[in-house]
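Here is the structure we will look at.
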Amino acid sequence: MTARLGTVLERDGSVYRVATGEGVIRAVLTGKAKRDTTRVVVGDRVRLEPDAESRLHSIVGVEPRTALLERRVPEGRGTRPVAANVDQVFVVTATRDPAPIPQLIDRLLVVAEANEIPAAVVVNKVDLDPGVGLVERCRRAGYTVYPASIRTGEGIEAFAAALAGHVSVVTGPSGAGKSSLLNRVQPGLALRTGEISAKVRRGRNTTVSAVMLPLDAGGYLVDTPGFSEVGLWGIDPGELDTCFPEFRPFLNDCRYADCRHRSEPGCRVREGVEGGAIARDRWESYLVLLAELEGAPEEWE
Ligand SMILES: Nc1nc2c(ncn2[C@@H]2O[C@H](COP(=O)(O)OP(=O)(O)OP(=O)(O)O)[C@@H](O)[C@H]2O)c(=O)[nH]1
Ligand SMILES: [Mg+2]
Ligand SMILES: [Zn+2]
0 MTARLGTVLE RDGSVYRVAT GEGVIRAVLT GKAKRDTTRV VVGDRVRLEP
50 DAESRLHSIV GVEPRTALLE RRVPEGRGTR PVAANVDQVF VVTATRDPAP
100 IPQLIDRLLV VAEANEIPAA VVVNKVDLDP GVGLVERCRR AGYTVYPASI
150 RTGEGIEAFA AALAGHVSVV TGPSGAGKSS LLNRVQPGLA LRTGEISAKV
200 RRGRNTTVSA VMLPLDAGGY LVDTPGFSEV GLWGIDPGEL DTCFPEFRPF
250 LNDCRYADCR HRSEPGCRVR EGVEGGAIAR DRWESYLVLL AELEGAPEEW
300 E
């Protein structure tokens with residue numbers, strides 16, 4: 000029997016929704032795949048076989064991944080894979096409601112960089128506040144920024160064009176407007192969105208798990224639940240500097256090859272900060288993340 004291939008769109012308990020050439024089917028992990036695979040995630044390309052006894056297909060194998068976006072929940076143990084085979088990440092932040100947290104944006108950008116997935120930033124809710132400083136900050140760091148508003152429609156076309164033909168993930172704090180933006184890009188999606196006040200009261204997200212959605216314009220996008228904290232893991236502290244694109248031109252010229260760009264003599268990054276080529280608060284984000292990585296135990300607990 001020849002297994003056919005599909006792309007995992009969503010997981011509901013132990014059942015996966017998988018897109019195949021003949022439509023969307025439901026499948027479960029069985030046998031060898033269950034033993035060998037730590038986790039099947041949204042975006043995974045899986046091999047499927049029909050199961051004679053049940054209406055569900057069996058996932059009998061997972062194709063090698065080209066990329067895996069994962070993150071660590073600080074209170075949790077180990078890492079949580081979010082999506083496989085994505086080729087770009089959009090960090091979505093609001094200009095207001097909720098107030099943007101530049102440090103959190105930097106963390107999410109570092110997660111993308113460390114996973115070697117190109118990242119861009121969507122600065123949403125520009126109808127509430129133009130967020131000029133925020134837009135500038137991200138552009139100066141070297142990122143493409145899409146100022147956007149689902150109320151005025153600003154930036155939606157440019158964002159939609161950037162999604163077309165790609166497999167993209169949107170990530171960012173709860174309430175930033177990720178699901179709202181995706182609904183606006185493709186109105187038929189009808190993703191659930193929520194009022195901020197209701198979220199705060201309930202203390203939970205409107206979007207509860209990652210889901211991959213086919214786009215009419217070609218490609219897929221993955222909506223993820225927002226979160227307030229993201230832990231870093233598995234990044235060599237000595238390589239964190241390369242996760243800040245605007246640091247890269249300076250990295251080879253520090254006096255010490257293993258410079259951590261704190262207060263070492265002859266540090267070009269530090270000079271870049273003093274001279275204004277690197278934004279000070281980006282460097283400060285770097286220092287916070289560096290300390291976190293240096294303090295992190297090699298293995299979890
Ligand atoms: N004024 C304004 N409100 C917006 C905009 N985009 C989204 N909102 C509102 O912000 C609230 C949160 O939007 P969601 O799309 O649910 O946010 P989310 O990022 O998907 O949140 P989680 O699923 O919890 O992670 C909703 O009430 C939206 O109507 C915008 O551009 N301008
Ligand atoms: Mg959402
Ligand atoms: Zn240095």
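Numbering (numbering that gives the first Met the number 0), first residue to last: 0 to 300. Even glycine gets a Cβ: it sits at the ideal position worked out from N, Cα and C. On a predicted model such as this, the values are computed, not experimentally measured, just so you know.
What does a CB cutoff of less than 6 Å around residue i pick up in its chain, not counting 5 residues either side in sequence?
i      : result
SER301 : In the structure displayed, the chain extends from 0 to 300; residue 301 sits before or after that span and is not available.
CYS266 : CYS253, CYS258, HIS260
GLY202 : Note that GLY202 scores 46 on pLDDT, short of 50, meaning its location in the model is unreliable and no value can be drawn from it.
CYS277 : Strictly speaking, residue 277 in this sequence is Ile, with Cys absent from that position. Excluding residues within five positions, the ones whose Cβ falls inside 6 Å are GLU245, GLY271.
LEU250 : ASP240
GLU293 : PRO236
SER196 : With a pLDDT of only 46 at SER196, under 50, the local geometry of the prediction cannot be trusted, and the value read off the model is given with reservation. Correct list: empty, nothing qualifies.
SER284 : GLN102, ASP105
TRP282 : VAL272
Would you give the residue range spanned by the beta strand (DSSP E) that residue i belongs to?
i      : result
ALA93  : 87–93
SER339 : Summary: the structure shown does not reach residue 339, with the chain confined to residues 0 through 300, and so no result is reported for it.
LEU212 : 210–213
ARG79  : 79–83
ALA119 : 118–123
Going along the chain, which residues of its own chain have a beta-carbon closer than 7 Å to the beta-carbon of residue i, five neighbours each way excluded?
i      : result
ARG279 : VAL272
GLY171 : VAL90, VAL91, THR92, LEU107, LYS177, GLY225
GLN185 : LEU214, ASP215
ALA98  : none
PRO264 : ARG254
ARG247 : THR241
VAL39  : VAL7, TYR15, LEU28, VAL45, ILE58, VAL61
LEU68  : VAL81, ALA82, VAL85, VAL88, ASN114, ILE116, VAL168
ALA160 : none
HIS165 : ASP86, GLN87, GLY218
SER53  : none
LEU289 : PRO236, LEU239, ARG259
For my contact list, residue i and residue j are in at a C-beta cut-off of 8 Å; report their separation, rounded to the angstrom.
i      : j      : result
GLU347 : VAL210 : A query on residue 347 cannot be resolved here, the shown segment of the chain reaching from 0 to 300 and no further.
GLN102 : VAL268 : Actually they are not in contact, since the Cβ atoms of GLN102 and VAL268 sit about 18 Å apart, beyond 8 Å.
ALA147 : GLY154 : 3 Å
LYS78  : GLY130 : The sequence given here places Thr at residue 78; Lys does not occur at that position. Going by Cβ atoms, the distance from THR78 to GLY130 rounds to 31 Å, so no, they are not a contact pair.
ASP43  : ARG64  : 7 Å
In chain order, what residues of the same chain have a beta carbon less than 8 Å from the beta carbon of residue i, not counting five sequence neighbours either side?
i      : result
VAL41  : VAL7, LEU8, GLU9, ARG10, VAL81, ALA82, ALA83, ALA209, VAL210, MET211, VAL221
GLY30  : SER57, VAL59
VAL144 : ALA119, VAL120, VAL121, VAL122, VAL134, CYS137, ARG138
CYS242 : LEU108, VAL109, GLU112, ALA113, ILE234
ALA2   : ARG46, LEU47, GLU48, VAL59, GLY60
THR151 : VAL125, ASP126
ASP128 : THR94, ARG95
VAL23  : LEU8, ARG16, VAL17
At which residues does the alpha helix (DSSP H) containing residue i begin and terminate?
i      : result
PRO146 : Careful: PRO146 lies outside any alpha helix (DSSP H), inside the beta strand (DSSP E) at 144–146.
GLN102 : 101–113
ILE149 : No alpha helix (DSSP H) contains ILE149, which DSSP labels as neither H nor E.
ARG139 : 131–139
LEU127 : Note, LEU127: premise wrong, no alpha helix (DSSP H); not H, not E.
LEU162 : 155–162
Consider the Cβ of residue i: report whether some Cβ of chain C lies at a distance smaller than 7 Å.
i      : result
SER262 : Within the model displayed, chain C is absent; a lone protein chain is all it includes.
| message | Please give the ranges of any beta strand (DSSP E) in the stretch 6–72, keeping only runs that are unbroken, at least 3 residues long and fully inside the region. | response | 14–19, 22–28, 44–49, 56–61, 67–70
| For the stretch 129–148 against the stretch 53–67, are there 3 or more C-beta pairs whose distance is under 8 Å? | no
| query | Fully enclosed by the stretch 217–296, which beta strand (DSSP E) runs are 3 residues long or longer? | reply | 219–222
| said: Between the stretch 117–131 and the stretch 85–94, can you find at least three pairs of beta-carbon atoms closer than 8 Å? | reply: yes
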